[in-house]
Amino acid sequence: MLKIATIALVSSFALSAFAANSSAPERSVELKDGTTVHVFRDGKMGMEDKFGRPFLMSNGHVMEARDGTKIQMKGNEVWRVAAPAQLYRGN
Ligand SMILES: [Cu+2]
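Residues -19 to -1, 1 to 72 in mature numbering (1 follows the signal peptide of the UniProt record, and there is no 0) are what the sequence shown lists, from first letter to last.
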């Protein structure tokens, strides 16, 4: 089994931030394969590929960040990635 250190942290944060505005990603993490995972304020995540396009990833999939950190996919918030991705690029 993979050891995943970050999940407990992300999960506890999600519970405390449930009521917050969740329209914008809380943070975005670049992954080793060039894609990006956006973590929203409620702890759920959406994926963006290296070309800035949202894509689907199944709940529970384990991703690896550039620094080697393992992140487990929580949710599949592809519709929430689309709007902020356009905002970042101004189109
Ligand atoms: Cu993912």
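Every residue, glycine too, gets a C-beta built ideally from N, C-alpha and C.
All of these numbers come straight from a predicted model, not from anything done at the bench.
Item	Value
If you follow the beta strand (DSSP E) that A27 is in, where does it begin and where does it stop?	In the sequence on display, residue 27 carries Gly and not Ala. Where G27 is concerned, the enclosing beta strand (DSSP E) stretches over M26 to E29.
Should E58 and K51 be called a contact, given that it needs their Cβ atoms to be closer than 7 angstroms?	no
To the nearest angstrom, how far is it from the Cα of G56 to the Cα of S4?	15 angstroms
I need the DSSP call for R61, collapsed to helix, strand or coil.	helix
Taking the alpha-carbon positions, what's the F32 to R61 distance?	17 angstroms
For ligand 1, is there any heavy atom lying closer than 6 angstroms to the beta carbon of V18?	yes
Alpha carbon to alpha carbon, how far is R34 from M28?	8 angstroms
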